[in-house]
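Data block below; observations after.
Numbering (full-length UniProt numbering), first residue to last: 1 to 146.
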């Protein structure tokens, strides 16, 4: 996909051959291609076209354009990340508060259940303490009915 500098011109020296192998050198490339390539890239991304590759515009103005595009995109992405981070922190704070509230309610319910268990045990003891009396009363009743 990456265009290479033309090899059909004068013989390339070692420096030109090295340029073919680096990822930021794209050789002859149009301004629109530069925009398309750098859109969506992180802030600080760059590429270098072949010097004098664009006859209508010099390479400096092309690089300036791509730097400003990259910078604007990077700034908006950075502000979006900061905003997202702030929202995540706010959500985490709200969730912690809600979890604390739920934990407090759980503790209240557990205390209520324990008091009801104690009340139930007290009632059960009262019932069991009256059983012998009821048994004796039932025996007396049977005697009188006979």
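The C-beta atom is built at its ideal place from N, Cα and C for all residues, glycine as well.
Alpha carbon to alpha carbon, how far is residue 139 from residue 122?
One C-alpha to the other measures close to 27 Å.
Using the Cα positions of residue 103 and residue 116, report the straight-line distance between them to the nearest angstrom.
Cα to Cα, residue 103 sits roughly 20 Å from residue 116.
With DSSP as the reference, identify every bridge partner of residue 49, one or two as the case may be.
Paired residues: 27.
Please report how far the alpha carbon of residue 48 lies from the alpha carbon of residue 35, in whole angstroms.
Computed Cα separation, rounded: 13 Å.
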